[in-house]
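K.L.:
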Amino acid sequence: MNIIRTVRSVAFSSIPNRTLSTTRSLSTPSAQYTAFEVNDKTGIATLTLNRPPVNSLNLELLTEMRNCLKDAETNKCKGLIITSSSNSVFTAGLDLLEMYQPQDERVKSFWTALQSMWMELYGSKIPTAAAINGHAPAGGCLIATACEYRVMLPNFTIGLNETLIGIVAPKWFVSAFLNVVPRRVAEQAITQGKLFTTAEAHNVGLVDDVVNTKEEAIAKCEQFIGSFKNVNPYARALTKQQFRIKELQELEQQREKDLQIFLGLIMQPSVQKAMGIYLEGLKKKSKKQ
Ligand SMILES: CCCCCCCCCCCCC/C=C/C(=O)SCCNC(=O)CCNC(=O)[C@H](O)C(C)(C)COP(=O)(O)OP(=O)(O)OC[C@H]1O[C@@H](n2cnc3c(N)ncnc32)[C@H](O)[C@@H]1OP(=O)(O)O
C-alpha cells in the first residue's frame, strides 16, 4: 500500500484529537486555515476547513484549499473528504469582506484563487466527497456540488442564495448545481436564492445521504470512496473527466472574461450597497445572539 507522506496540516484546538493512530498529519507553517490529514491505512485524505467563526472563504483559505487538493492528487490518495472544524457551519461561502469595498489587486487575486480552487476540485482525478456538518450557503454549496458525493447533518441549510444578497451566481456555480438537481428545481431555487433545509436538500437530490453525526458523515464518505476499490483509477478518472470537461474547459477559456464580469458586477454601486446592507444585517444578528 502507498503510504502517504507529504501532508499539510495545522495544529488547532477546535478539532478534537483523532483517536485513529494511522492518521498522519504534518505541520507546515504556511497552513493557517486548513488541516490536511491522510489516513495511512485507507489512503484517504481529509481536508478540514478551519477559519472561525464561519469558514468564510478568503484569498488565503482558497489558496490553501487548492494546495491541499493538489497534494492529495500528487500523492495518489485514494480519495478526498472535505469537512469543517465547526459544529454549525460547513462554510458560509465567499468572504463578503473580500468583495465589499475591495482593493483592486486583492479582489482580482481572490477571484482567481476561487476559480483555481474550483477547477482543481471539480476536475480532481480522485474520488471527492463532502461531509457537510453545518450550513453551506453559496460558495459552501459550490464546494459541495463540486464533489462527487455529499452527506449532510440534519437541521442545516444549503443552496445558492446569491440573488438574496443582490449578486448573481456565476454560470459555473450553476452548472455544478445542475449536475445534481433537476433543471426546473435548480432554476426556481437559484432565482429565489433558496436555501434548502437538510431534509429538503435530500429530497431533491442535492445531498445523497443524511446522518446524525460528523463521524457517521466521514464514515459514509469513506464508504463512497471505498466503492471504487475494484475500479481502475485511470479508467475512473478519464470517465469522470468526460462528465466534467465541458464546464472545466469553458471556465479555463473564459477565465479573464469571468474575472472582468465579476469585477464589473461587484463594483456597481447598487451591488456594493446591497452587500453593505446584508453584512450589516449579519453583524446585527450576530450581536443579538
Ligand atoms: C449577466 C450575467 C452576469 C453573471 C455575473 C456573475 C458575476 C459574479 C458575481 C459575484 C458572485 C459572487 C458569488 C458569491 C458567493 C458567496 O458565497 S457570497 C456569501 C454568501 N454567504 C451567505 O450569505 C452566508 C451568510 N452567513 C450566514 O448566513 C450565517 O453567518 C451562517 C453561515 C448561517 C452562520 O450563522 P452563525 O453561526 O449564527 O454565525 P453569524 O453570527 O451569522 O456570523 C458570525 C460572524 O461571521 C460573519 N459572517 C458570516 N458570513 C460571512 C461571510 N460570508 N463573509 C464574511 N463574514 C461573514 C458575520 O458577519 C459575523 O461577524 P461578526 O458580527 O463580526 O462576528
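Per the numbering used here, the very first residue in the sequence shown carries number 2; after that it's consecutive. Cβ atoms here follow ideal geometry from the backbone N, Cα and C, with glycine treated the same way. Every value quoted in this text rests on a predicted model; they were computed, and no experiment measured them.
Tell me Pro138's beta-bridge partners as DSSP assigns them.
P.N.:
As a first step, residue 138 must be located in the sequence shown, where it is residue number 137. Partner(s): Gly160.
K.L.:
Are the segment 226-242 and the segment 75-90 in contact at 8 Å, needing three or more beta carbon pairs?
P.N.:
Touching, yes.
K.L.:
Can you name, in chain order, every residue of its own chain whose Cβ lies under 7 Å from the Cβ of Glu121, other than the five neighbours on each side?
P.N.:
Along the sequence shown, read from residue 1 onward, the residue named residue 121 stands at position 120. Contacts found: Arg67, Leu70, Lys71.
K.L.:
Would the beta-carbon of Glu257 be found less than 8 Å away from any heavy atom of ligand 3?
P.N.:
This structure lacks ligand 3; the ligands present are ligand 1.
K.L.:
Go ahead and pull the three-state DSSP assignment for Ile226.
P.N.:
Locating residue 226 in the sequence shown gives position 225, counting from the first residue. In this structure, Ile226 counts as helix in the three-state DSSP scheme.
K.L.:
Given 8 Å as the limit, is there contact between the segment 139-158 and the segment 206-215, that is, 3 or more CB pairs closer than that?
P.N.:
Yes, since at least three Cβ pairs between the segment 139-158 and the segment 206-215 fall closer than 8 Å, the two stretches touch.
K.L.:
Report buried or exposed for Leu239, applying the criterion of at least 16 other Cβ atoms within 10 angstroms of its Cβ.
P.N.:
Here residue 239 corresponds to residue number 238 of the sequence shown, with the count starting at 1. Exposed, by the Cβ-count rule.
K.L.:
Considering only residues of the same chain and omitting the five flanking positions on each side of Tyr237, which have a CB-CB separation below 7 Å?
P.N.:
Locating residue 237 in the sequence shown gives position 236, where the first residue counts as 1. First, the amino acid is wrong: residue 237 is Arg here, not Tyr. The residues are Phe229.
K.L.:
Hey, quick one: how far does the beta strand (DSSP E) through Ile133 stretch, first residue to last?
P.N.:
The count along the sequence shown starts at 1 and reaches residue 133 at position 132. Its beta strand (DSSP E) spans residues 129-133.
K.L.:
How would you write the range of the beta strand (DSSP E) that Asn40 sits in, first residue to last?
P.N.:
The residue you call residue 40 lines up with position 39 of the sequence shown. Where Asn40 is concerned, the enclosing beta strand (DSSP E) stretches over 35-40.
K.L.:
If you measure from the CB of Gln104, is any heavy atom of ligand 1 nearer than 8 Å?
P.N.:
Here residue 104 is taken as the residue at index 103 of the sequence shown, counted from 1. Incorrect: Gln104 has no Cβ contact closer than 8 Å to ligand 1.
K.L.:
For the segment 236-283, which segments carrying the alpha helix (DSSP H) assignment without a break, of at least 4 residues, lie completely within its bounds, in sequence order?
P.N.:
Counting whole runs of 4 or more residues, the segment 236-283 contains the alpha helix (DSSP H) stretches 256-267.
K.L.:
When the distance is taken between beta carbons, is Tyr123 closer than 9 Å to Arg245?
P.N.:
Position 244 of the sequence shown, counted from the start, is the residue given in the question as residue 245. Position 122 of the sequence shown, counted from the start, is the residue given in the question as residue 123. Yes; because the gap between Cβ atoms is below 9 Å, this pair is in contact.
K.L.:
Is it buried or exposed, Arg107, if we count other Cβ atoms within 10 angstroms and call 16 or more buried?
P.N.:
As a first step, residue 107 is located in the sequence shown; it is residue number 106 there, counting from the start. Classification of Arg107: exposed, given that the 10 Å Cβ count is below 16.
K.L.:
Could you give the residue range of the alpha helix (DSSP H) that holds Ile83?
P.N.:
Locating residue 83 in the sequence shown gives position 82, where the first residue counts as 1. From DSSP, Ile83 is part of no alpha helix (DSSP H) but of the beta strand (DSSP E) over 80-85.
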